[in-house]
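Trainee: For the sequence shown, the working numbering gives the first residue as 174, with consecutive numbering after it.
Using N, Cα and C, we set each Cβ at its ideal position, and we do this for glycine too.
Here it is, the structure, as structure tokens.
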Amino acid sequence: MLYFPMHRLPLSGPNVAALLLITLLMSDPRSVQAADNAVFSQFAAHIIRHVNRDKIAFTEASTCLSWFYQGLKKSPPAVQGIAWTPAASTGEPGTDCSRRYPGGMNAARDDFSKTQAILSVSLTIYEFALVADSNDDRIYSPAELMDLFRSLSLTVDEEASPGSSLSTLTERMERWHRTRNLEEVMTGMGALYDRGYRVTVSDRAELDRVMK
């Protein structure tokens with residue numbers, strides 16, 4: 174923090190306004206609270222960006238796998254583990270699929286399984302983030318943030334900045350996503366349930382919106 178020797182500043186004009194602003198920022202807890210309130214929204218936005226990318230990747234893999242199966246007059250495997258079905262493609266995917274998967278159907282099938290697992294993880298992480306906001310006000314209160322960290326076997330540094338809490342959450346999310354560690358996500362969710370947290374009607378509506 175910067176300290177200004179007030180006795181050296183002439184108390185007139187712009188200097189008075191600057192001193193008043195500094196005083197307000199130092200004395201008004203709402204400036205700190207506003208930063209705290211951003212943790213949920215920024216964490217949720219980070220997860221949704223992953224969900225949207227994962228949906229695109231899964232759609233491409235699903236479309237190409239269906240195209241390869243059509244060549245054999247067989248039905249592609251059913252989607253497992255996620256409640257989202259990609260929209261049917263209206264174009265001709267043949268050229269793109271042959272280029273994307275030179276290994277043919279086996280390569281497309283492997284990518285289908287991989288992208289399906291990744292999408293399932295990112296959607297479950299988003300559900301986890303929503304559940305941690307117990308009263309659906311889209312803000313993590315100090316108690317909610319503490320419970321969220323405890324569910325991850327972490328401790329909240331009350332003197333750290335909100336940016337530090339956000340960084341910790343996004344780093345954990347990135348690790349889950351990278352390793353496709355759905356089990357650890359569900360363990361954290363279970364810890365929240367043990368503390369009385371539940372998926373609410375509002376959470377379900379938001380998940381349905383994101384899955385479209």
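List the whole-angstrom C-beta distance separating V304 from L365, where the pair is believed to meet the contact cut-off of C-beta under 8 Å.
Mentor: As a working mapping, residue 304 is identified with position 131 in the sequence shown. As a working mapping, residue 365 is identified with position 192 in the sequence shown. Right, their Cβ atoms sit about 6 Å apart.
Trainee: Thinking C-beta only, is I298 closer than 8 Å to R353?
Mentor: Working through the sequence shown from its first residue, we reach residue 353 at position 180. Working through the sequence shown from its first residue, we reach residue 298 at position 125. Cβ atoms of R353 and I298: not closer than 8 Å.
Trainee: Helix, strand or coil for D367 per DSSP?
Mentor: Translated into positions along the sequence shown, residue 367 becomes position 194. Three-state DSSP puts D367 in a helix.
Trainee: Only counting the same chain, and skipping five residues up and downstream in sequence, which positions put a Cβ closer than 8 Å to that of V358?
Mentor: If you number the sequence shown from 1, residue 358 lands on position 185. Excluding positions up to five away in sequence, the list reads V294, T297, I298, F301, W349.
Trainee: Helix, strand or coil for G336 per DSSP?
Mentor: Numbered from 1 along the sequence shown, position 163 holds the residue referred to as residue 336. Correct three-state label for G336: helix.
Trainee: Does the beta-carbon of K402 have 16 or more other beta-carbons within 10 angstroms, so that it is buried, or is it exposed?
Mentor: Beyond the ends of the chain as shown, which are 174 and 385, falls residue 402; an answer cannot be given.
Trainee: Below 8 Å between beta carbons: does that hold for M346 and I220?
Mentor: As a working note, residue 346 is residue 173 in the sequence shown. As a working note, residue 220 is residue 47 in the sequence shown. Yes. Within cutoff.
Trainee: Which of the three DSSP states, helix, strand or coil, is assigned to R311?
Mentor: Looking up residue 311 in the sequence shown gives position 138. If DSSP states are grouped into helix, strand and coil, R311 belongs with coil.
Trainee: Out of D367, G277, E356, G336, which one is the CA nearest neighbour of S239?
Mentor: By 1-based counting over the sequence shown, the position of residue 239 is 66. The shortest C-alpha separation from S239 is found at G277.
Trainee: For the candidate residues Y242, D284, V212, whose alpha-carbon lies nearest to that of A230?
Mentor: Position 57 of the sequence shown holds residue 230. Of the listed residues, the one whose Cα sits closest to A230 is D284.
Trainee: With a threshold of 6 Å on Cβ separation, who are the neighbours of R368 within its own chain once the five nearest residues in sequence on each side are excluded?
Mentor: Here residue 368 refers to the residue found at position 195 when the sequence shown is read from its first residue. Once the five neighbours on either side are set aside, the close Cβ partners of R368 are D320.
Trainee: Mapping the DSSP letters down to three states, classify L327 as helix, strand or coil.
Mentor: Taking the sequence shown and counting its residues from 1, one reaches residue 327 at position 154. It is coil, neither helix nor strand.
Trainee: What is the C-beta distance between L327 and Q215, in whole angstroms, given that I count them as a contact (C-beta under 8 Å)?
Mentor: Within the sequence shown, numbered from 1, the residue matching residue 327 stands at position 154. Within the sequence shown, numbered from 1, the residue matching residue 215 stands at position 42. Between Q215 and L327 the Cβ distance is about 18 Å, and since that is not below 8 Å, they are no contact.
Trainee: Could you check what DSSP says for Y274 in three-state terms: helix, strand or coil?
Mentor: As a position in the sequence shown, residue 274 is number 101, starting the count at 1. Note: Y274 maps to coil in three-state DSSP.
Trainee: For R146, report the span of its alpha helix (DSSP H) as first-last.
Mentor: Outside the displayed span of the chain (174 to 385) sits residue 146, for which this structure offers no information.
Trainee: Please give the ranges of any alpha helix (DSSP H) in the region 211 to 250, keeping only runs that are unbroken, at least 4 residues long and fully inside the region.
Mentor: Listed in chain order, there is nothing to give.
Trainee: D306 by DSSP, collapsed to three states: which one?
Mentor: For the purposes of this step, residue 306 is taken as the residue at position 133 of the sequence shown. If DSSP states are grouped into helix, strand and coil, D306 belongs with coil.
Trainee: Closest to A217 by CA distance: which of R311, K287, L325, V329 is it?
Mentor: As a position in the sequence shown, residue 217 is number 44, starting the count at 1. Ranking R311, K287, L325, V329 by Cα distance to A217 puts R311 first.
Trainee: What does a CB cutoff of less than 7 Å around T373 pick up in its chain, not counting 5 residues either side in sequence?
Mentor: Taking the sequence shown and counting its residues from 1, the one referred to as residue 373 is at position 200. So the qualifying residues of the chain are D309.
Trainee: Around the Cβ of R282, are there at least 16 other Cβ atoms within 10 angstroms (buried) or fewer (exposed)?
Mentor: For this step, residue 282 is matched to residue 109 along the sequence shown. Buried is the call here.
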